[in-house]
Amino acid sequence: MIKSTNSGSFRILLVLLILFSMISLIISQNNTENRIYNTSVPNVLERVKTHDFNPLNEDNSMTLDRSLNVAGIADMDNDDWQVRLLAVRDLVRAGNKNMKEIVIGLADNSVYVRQVCAMALGILKSNDAINSLEQIVRQDENTMVRSQAVIALGQIESKSSLGLLRNKQTSDPSRDVRHQCELAIYQIEKKMGTTDKQLSAFLSLDESTFNSVHTGNIAPDFQLEDTEGKEWKLGQFRNEKWVVLIWVFADWCPVCHGEFQDLMEIQSEFEKEGVQVFTVEAHDRYRGRVMIGKELDPSYWFAKKSFHKAYTEKIWWPHLLDRAGAIGAMYGADPLAFAVHSEYINRPTTVIIDKEGIVRFSYRGTFWGDRPTIEQTLKMIETGDFSFEHLQRLK
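So in our numbering, spot 126 of the sequence shown is number 131, and the numbers just go up one at a time.
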């Protein structure tokens with residue numbers, strides 16, 4: 006009788022444990038599902054509205070460190086970028102069912118709310134937002150917001166906006182906005198708006214991976230597409246080559262173009278050391294192709310002659326598309342970290358990975374020019390000395 010009672014008690018306990026496990030799993034799945042798919046647009050916008058962002062400068066084109074009052078952000082733990090990036094992700098996840106609420110956000114008093122709403126609407130290719138975005142382009146006093154609205158109209162491929170964009174390409178008081186108009190016009194005419202891959206990248210952003218890779222770690226494998234659509238895996242170079250990852254900004258960046266010139270000049274030195282170089286851009290395919298001279302040939306205020314011919318003939322390294330900045334976020338590149346030329350971009354970041362797949366160097370800049378030069382990057386690999394700090398690094 007004793008044995009029978011013990012056996013019965015054990016069975017009851019086992020059943021209860023199984024039931025408890027099943028209930029816990031269901032609750033966990035429901036919580037995850039709610040967190041991912043049932044995003045409340047008002048709550049997302051409230052997060053943005055109440056966050057204390059580092060301010061923009063007088064013409065709203067550059068982020069200023071709130072303590073130093075200079076362009077950039079010195080605090081490497083600053084979370085402005087996460088608030089922005091996750092807000093855009095959550096608005097994109099809210100998607101078409103909540104489009105009206107996102108469009109209403111374009112009229113919010115907060116510059117930062119208007120910017121994330123415009124960014125999300127471009128990624129969603131929302132035709133319902135065209136009139137409101139055009140209103141922003143016409144009337145918004147903030148350069149950053151106008152710039153983002155122009156970008157969104159290009160991503161949406163809004164043909165009805167071409168007249169407005171052509172007018173603003175010559176009449177907008179900001180050269181940054183005028184430049185974005187030039188890009189958007191071509192993007193619309195060539196039907197090169199937001200891709201499904203861009204949308205998917207934002208939908209799948211996972212904050213648990215942010216800032217997860219550090220110097221001394223084994224670099225996790227990743228796969229990114231280049232501007233020609235070819236897929237590249239980091240793991241394919243294990244035990245064969247060093248890998249250098251250089252996160253650049255966009256085609257309007259004079260420093261980035263200078264780095265491209267340096268890369269073109271010392272190709273043989275990198276090849277001699279067995280180094281695979283990748284430049285990386287946290288944009289969709291169209292913007293990446295503009296960067297390397299594969300689409301229109303924009304006029305730049307900082308260049309006396311076109312980059313187009315030289316880039317077409319001499320770029321020897323793949324230019325990767327880190328859509329939504331997902332890989333950059335793992336390495337601390339902080340997508341949407343601060344504004345440069347009226348667009349939120351990542352920190353300038355250089356990562357060096359050795360043949361064994363170990364991260365030997367990971368440098369995250371505090372302002373637009375804060376990282377090693379191309380020559381300094383090569384020298385580190387040649388000498389094995391990975392100590393570096395920019396002389397003007399913000400502190």
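In this text, a Cβ means the ideal position worked out from N, Cα and C, and glycines have one as well.
* Asked: Which of the three DSSP states, helix, strand or coil, is assigned to arginine 376?
  -> What you label residue 376 is simply residue 371 of the sequence shown in a count that begins at 1. Coil, per DSSP.
* Asked: What residues in its chain sit with their C-beta under 8 Å from that of asparagine 62, if we drop five residues either side in the sequence?
  -> Counting from 1 along the sequence shown, the entry for residue 62 is found at position 57. Excluding positions up to five away in sequence, the list reads Thr68, Leu69, Ala76.
* To do: Report all residues from its chain with a CB closer than 8 Å to the CB of glycine 333; omit the five preceding and five following residues, and keep chain order.
  => By one-based count along the sequence shown, residue 333 stands at place 328. The residues are Trp252, Val285, Ala287, Asp327, Asp339, Pro340, Asn351, Thr354.
* **Selection from Thr371, Phe343, Gly127 that minimises the alpha carbon distance to tryptophan 86** => One-based indexing of the sequence shown puts residue 86 at position 81. Selected option, being the one with the closest Cα: Phe343.
* Is the stretch 178-195 touching the stretch 214-221 in the sense that three or more CB pairs, one from each, lie closer than 8 Å? -> They do not touch, by the three-pair rule.
* Asked: Is the shortest distance between the beta-carbon of glutamine 397 and the beta-carbons of chain C less than 8 Å?
  -> Structure shown: chain C not included; a single protein chain is present.
* Where does leucine 396 sit, in a helix, a strand or coil, going by DSSP? -> Residue mapping note: residue 396 aligns to position 391 of the sequence shown, counting from 1. Coil, per DSSP.
* Asked: Pairing CB atoms from the stretch 309-316 with CB atoms from the stretch 241-252, are three or more of them under 8 Å?
  -> Flag = no, the stretch 309-316 and the stretch 241-252 do not touch.
* To do: Verify whether the separation of the beta carbon atoms of alanine 157 and alanine 123 is less than 8 Å.
  => For the purposes of this step, residue 157 is taken as residue 152 along the sequence shown, with counting starting at 1. For the purposes of this step, residue 123 is taken as residue 118 along the sequence shown, with counting starting at 1. In this structure, alanine 123 lies closer than 8 Å to alanine 157 by Cβ.
* May I ask which residues mark the beginning and end of the beta strand (DSSP E) holding valine 285? => Here residue 285 is taken as the residue at index 280 of the sequence shown, counted from 1. Here the beta strand (DSSP E) through valine 285 covers 280-286.
* May I ask which residues mark the beginning and end of the alpha helix (DSSP H) holding lysine 309? => One-based indexing of the sequence shown puts residue 309 at position 304. Taken as a continuous stretch (DSSP letters only), lysine 309 belongs to no alpha helix (DSSP H), as it is neither H nor E.
* Asked: Are the beta-carbon atoms of aspartate 95 and threonine 44 separated by less than 8 Å?
  -> The count along the sequence shown starts at 1 and reaches residue 95 at position 90. The count along the sequence shown starts at 1 and reaches residue 44 at position 39. Yes, these two residues count as a Cβ contact at 8 Å.
* Inter-residue CB distance, tryptophan 322 and leucine 268 (contact presumed, cutoff 8 Å) -> Locating residue 322 in the sequence shown gives position 317, where the first residue counts as 1. Locating residue 268 in the sequence shown gives position 263, where the first residue counts as 1. At roughly 6 Å, the Cβ-Cβ gap stays under 8 Å, so tryptophan 322 and leucine 268 are in contact.
* So, using beta-carbon positions, are lysine 238 and glutamine 228 closer together than 8 Å? -> Start at 1 with the first residue of the sequence shown, and residue 238 comes out as number 233. Start at 1 with the first residue of the sequence shown, and residue 228 comes out as number 223. Yes.
* Asked: Are valine 121 and valine 150 touching if we call contact CB-CB under 8 Å?
  -> For the purposes of this step, residue 121 is taken as the residue at position 116 of the sequence shown. For the purposes of this step, residue 150 is taken as the residue at position 145 of the sequence shown. Cβ distance not < 8 Å, so valine 121 and valine 150 don't count as in contact.
* Based on the DSSP output, what are the partners of tyrosine 368 in its beta bridges? -> Locating residue 368 in the sequence shown gives position 363, counting from the first residue. Bridge partners of tyrosine 368 according to DSSP: Thr355.
* **Same chain, Cβ closer than 8 Å to asparagine 222, five either side skipped, listed in chain order** => As a working note, residue 222 is residue 217 in the sequence shown. Contacts found: Ile363, Val364.
* Asked: For glutamine 272, which residues of its own chain have a beta-carbon under 7 Å away from its beta-carbon, when the five flanking residues on both sides are left out?
  -> Looking up residue 272 in the sequence shown gives position 267. Once the five neighbours on either side are set aside, the close Cβ partners of glutamine 272 are Trp321.
* Indicate the three-state DSSP secondary structure (helix, strand or coil) for aspartate 133 in the structure shown. => The count along the sequence shown starts at 1 and reaches residue 133 at position 128. Aspartate 133: helix per DSSP, three-state reduction.
* Would you check if the distance between the CB atom of serine 347 and the CB atom of serine 165 is smaller than 8 Å? => Working through the sequence shown from its first residue, we reach residue 347 at position 342. Working through the sequence shown from its first residue, we reach residue 165 at position 160. Not closer than 8 Å, so no.
* Among Val53, Gly298, Gly330, Ile78, which residue has its Cα nearest to the Cα of serine 209? -> For the purposes of this step, residue 209 is identified with residue 204 of the sequence shown, where counting begins at 1. Of the listed residues, the one whose Cα sits closest to serine 209 is Gly330.
* Cβ-based neighbour list, threonine 148, same chain, cut-off 7 Å, excluding 5 preceding and 5 following -> Reading the sequence shown from its first residue, position 143 is the one you call residue 148. So the qualifying residues of the chain are Asp64, Asn65, Ser66, Ser179, Asp181, Val182, Ser347.
* Find the nearest neighbour of glutamate 51 within the set Gly159, Phe372, Asn172, Glu106, judged by alpha-carbon distance. => For this step, residue 51 is matched to residue 46 along the sequence shown. For the residues Gly159, Phe372, Asn172, Glu106, the minimum Cα distance to glutamate 51 belongs to Glu106.
* To do: With DSSP as the reference, label isoleucine 271 as helix, strand or coil.
  => As a first step, residue 271 is located in the sequence shown; it is residue number 266 there, counting from the start. Reduced to three states, the DSSP call for isoleucine 271 is coil.
* **Burial state of glycine 168, where buried means 16 or more other Cβ atoms lie within 10 Å** => Taking the sequence shown and counting its residues from 1, the one referred to as residue 168 is at position 163. With fewer than 16 other Cβ atoms within 10 Å, it is exposed.
* Kindly indicate which three-state DSSP category valine 93 falls into: helix, strand or coil? => On the sequence shown, position 88 is the one that residue 93 refers to. Three-state DSSP puts valine 93 in a helix.
* Among Leu111, Gln241, Ser131, the one whose alpha carbon lies nearest that of glutamate 146 -> Reading the sequence shown from its first residue, position 141 is the one you call residue 146. Per the Cα distances, Leu111.
* To do: State the DSSP-derived secondary structure class of tyrosine 117, mapped to helix, strand or coil.
  => Taking the first residue of the sequence shown as 1, we reach residue 117 at position 112. It is helical.
* To do: Give me the Cα-Cα distance between glutamate 361 and aspartate 133, rounded to the nearest whole angstrom.
  => On the sequence shown, position 356 is the one that residue 361 refers to. On the sequence shown, position 128 is the one that residue 133 refers to. One C-alpha to the other measures close to 50 Å.
* To do: Grab the span of the alpha helix (DSSP H) containing glutamate 184 for me, first residue to last.
  => Looking up residue 184 in the sequence shown gives position 179. As written in the sequence, residue 184 is histidine, which differs from the glutamate given in the question. First-last of the alpha helix (DSSP H) with histidine 184: 180-194.
* Using a threshold of 8 Å, state whether the C-beta atoms of threonine 199 and aspartate 289 are closer than that. => Translated into the one-based positions of the sequence shown, residue 199 becomes position 194. Translated into the one-based positions of the sequence shown, residue 289 becomes position 284. Their beta carbons are under 8 Å apart, which means threonine 199 touches aspartate 289 by this criterion.
* Does DSSP put isoleucine 78 in a helix, in a strand, or in coil? -> Start at 1 with the first residue of the sequence shown, and residue 78 comes out as number 73. Isoleucine 78 falls in the coil class under three-state DSSP.
* For histidine 56, which of Gln281, Val155, Gly293, Val88 has the nearest alpha-carbon? -> For the purposes of this step, residue 56 is taken as residue 51 along the sequence shown, with counting starting at 1. Histidine 56 has its Cα closest to that of Val88, out of Gln281, Val155, Gly293, Val88.
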